[in-house]
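If you're matching them up, the sequences are chains A and B in order.
199 is the number of the first residue of the first sequence in the working numbering; add one for each residue after it.
3 is the number of the first residue of the second sequence in the working numbering; add one for each residue after it.
The beta carbon of each residue, even a glycine, is placed where N, CA and C say it ideally should be.
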Amino acid sequence: MQGSGSLRPIVIPGEAVGGPGLKPGPGTFSENGEIFAAQLGVRTERDGCVSIIPLSGRYIPQRGDAVVGEIVDLGPSHWLVNINSPYPAPLHATESPWRVEFGDTSRYLKVGDAILCHVLSVDEIKRVQLTMAGPDAGRLQGGMLIEISPTKVPRVIGKQGSMVSMIKDLTGCQIYVGQNGRIWLDGEDLPTAIAARAIRLIEERAQAHGLTEAVRDLIERSLREQGGPKDRPRE
Amino acid sequence: MEDIEHIEKEVKLIDAAGRRMDGRKFDELRPIRIEAGVLRRADGSAYIEWGGNRVLAAVYGPREAHPRHLQDPARALVQCRYNMAPFSVSDRKRPGPDRRSVEISKVISEAFSAVVFKEQFPRTSVDIFIEVLQADAGTRCAGLTAASVALADAGVPMRDLVTSCASGKIEGIVCLDLNKDEDNFGDADCPMAVVPRTGEIVLLQMDGHLSYDEFQKVMDLSIGAAHRIYDMQRDALRRRYSVTLEDILKDAPRSAPSREPTPPEPVPSDFDLGPEGI
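Next comes the structure, spelled out in structure tokens:
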């Protein structure tokens, strides 16, 4: 399978992806002992469990996800956050890092602010609660925000964060990847632009092999051509 | 004086050799071309050309259902809007929903309700939009076939693609996929939609009269054609997502944005702003 030009077979909803002896994982369903794909995606098999990595789709919140949200509404004791999912996500004042007086929410976060937060809980009818507890969470200031398809987030992060840490190392940018497909980047202007371009490349070509090398190549070439952070006097 | 009694009043829909007006045999489809992912803003989209039909389908969602009272706490809604452009038919069609398009929207949304995994997305709605740009009989089948591709393109989990095709009777002969003249001057038209993997029928309508035997033939023709269309749908989806590494390296942006943005050229004071310039 490995090698240039090869590509992973794409499965289409309704396609048989496994027989008896295998377990249906995410993106699949079983009928009469056979397993079928439920989504358009790439088939993977691990520990006797077949699953489909979807190529498109909306972000469905899960407990513990780190997400980048935008404040869309204020309540006396909560903020309503758009996390790019079909479900509205409230952030309660007690889940924020500040001691918020009742009715004083606007002092801390205003409509339009971007925050990094985590999904505290999701119940069976998909009621979502957010929390800003945790070392990374907080209001995002400066930097730039880009949005990609949520299904491409695992590729941007890479195995154990290999892809995103490579981009961080090469460009010297600070990057937070939200599970909802919003990515916050901060750093010097040019490396940030290059990092954003690299992430766009990953999004476009997520299902291809040898992506890490293509991304490394893009960043190194761009930095060379434009004069990267290494050639510049550091202040 | 001309013998007006013996002028042929009806159009001859099938000739002696069994060929139809457009040269097809009784079991032949019109040429079909499907393309997936043609719209940027929609979550999923598809475009189909089916004979003279041109139909665009877009899918949004699952997204928050509005108005809120329509939300179902247990499952997603599947909503559909079938709409014909005013220029899609030979006379101008009065824009907006009418009795016919409301009915078609309803039956199509019910057809998709049967295959979408609605329980995975409580309180949301999956919205399907079908816009007929050019109509030539069989638009609901074309629309449904395109919408099914759009739904898969949007990544909505479903049991299988839905495939649709119509058959009917012209001059007493059961034929597949009627075109506009055959539909207008024929005896019956029977659109249906099937789930090819299981053979379930999720849409079945009939205009005109068919005997039991004719109906059996119509079913056989449509289901046979549905499997051929199914392959075209799958092919359209595969084409959309097939890229090789060569494509990546070829299309990869050669360089990042230039470091110094070129300053906009200053406008000379005597610059002619044209008739609108103040």
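Considering only A:K366, A:R241 and A:R256, the residue with the shortest C-alpha distance to A:I250 is A:R241. Chain A places no beta carbon closer than 7 Å to that of B:M208, leaving this residue out of the contacts.
Taking all protein chains shown into account, A:H276 has 16 or more neighbouring C-beta atoms within 10 Å of its C-beta and is therefore buried.
When C-alpha distances from A:A391 are compared across A:Q372, A:L338, A:N378 and A:A406, the shortest belongs to A:Q372.
Counting the other Cβ atoms within 10 Å of the Cβ of A:N230 gives fewer than 16, which makes it exposed. Taking 7 Å as the threshold, the shortest C-beta distance from A:R256 to chain B falls below it. Excluding five sequence positions before and after B:R161, the CB atoms of its chain that fall closer than 6 Å to its own CB belong to V117, given in chain order.
Residue pairing by DSSP puts B:F131 in a beta bridge opposite B:A60 and B:R83. In this structure, DSSP gives A:K324 a state outside helix and strand, which the three-state scheme calls coil. Between B:A195 and B:T165 a beta carbon distance of about 7 Å is seen, short of the 8 Å cut, so the two are scored as contacting. Along the region 332 to 351 of chain A, going in chain order, the ones with a CB nearer than 8 Å to a CB of chain B are T349.
The residues A48, I132, A148, A149 and A152, in chain order, have a CB closer than 6 Å to that of B:A59 in the same chain once the five nearest residues on each side in sequence are set aside.
Within 10 angstroms of the beta-carbon of A:N378 lie 16 or more other beta-carbons, which makes it buried.
Judged by DSSP in its simplified three-state form, A:R256 adopts coil rather than helix or strand. Taken atom to atom, the span from the alpha-carbon of B:R26 to that of B:R32 is near 8 Å. With respect to chain B, the C-beta atom of A:L278 has no partner C-beta closer than 7 Å.
Apart from sequence neighbours up to five positions away, the residues of its chain that approach B:R83 with a beta-carbon distance below 6 Å are S107 and F131, ordered along the chain. B:P99 places its beta carbon 7 Å or farther from that of B:R142. Secondary structure in the region 322 to 360 of chain A: the beta strand (DSSP E) runs of 3 residues or longer, each lying completely within the stretch, are 326 to 329 and 342 to 345 in chain order. Within its own chain, the residues whose Cβ lies closer than 6 Å to the Cβ of A:I313, once the five positions on either side in sequence are excluded, are G267 and R337, listed in chain order. Partner residues in a beta bridge of B:S115, as assigned by DSSP, do not exist. Against chain A, the CB of B:D162 has a partner CB under 7 Å away; the residue lies at that interface. Flagged as an interface residue toward chain B: A:G212, by a C-beta distance shorter than 7 Å. In this chain, the alpha helix (DSSP H) harbouring A:P389 covers D387 to E402. B:G157 belongs to the set of residues whose beta carbon lies under 7 Å from a beta carbon in chain A.
B:Y49 carries a strand assignment under DSSP once its states are collapsed to helix, strand and coil.
Under the 7 Å criterion on CB atoms, B:P69 is classed as non-interfacial with respect to chain A. Excluding the 5 residues flanking it on each side, B:R22 has same chain C-beta neighbours closer than 6 Å at I16, in chain order.
Close to B:Y49, with beta-carbon spacing below 7 Å, lies no residue of chain A; the smallest spacing is near 17 Å. Going by DSSP, B:H229 is part of no beta strand (DSSP E) but of the alpha helix (DSSP H) stretching over Y214 to Y243. Under the three-state reduction of DSSP output, B:F123 falls in the coil class, being neither helix nor strand. At a cut-off of 7 Å between beta-carbon atoms, A:P295 makes no contact with chain B. Of all residues in the region 60 to 89 of chain B, only G63, P64, R65, E66, A67, P75, A76 and A78 come within less than 9 Å of chain A when Cβ atoms are compared, listed by chain position.
Judged by pairs of C-beta atoms under 8 Å, the region 231 to 240 of chain A does not touch the region 316 to 332 of chain A, as fewer than three such pairs exist.
Residues of the region 121 to 154 of chain B with a C-beta atom less than 7 Å from some C-beta of chain A are F123, P124, R125, T126 and A154, listed in chain order. Fewer than three Cβ pairs drawn from the region 287 to 301 of chain A and the region 411 to 427 of chain A lie within less than 8 Å of each other, which leaves the two stretches out of contact.
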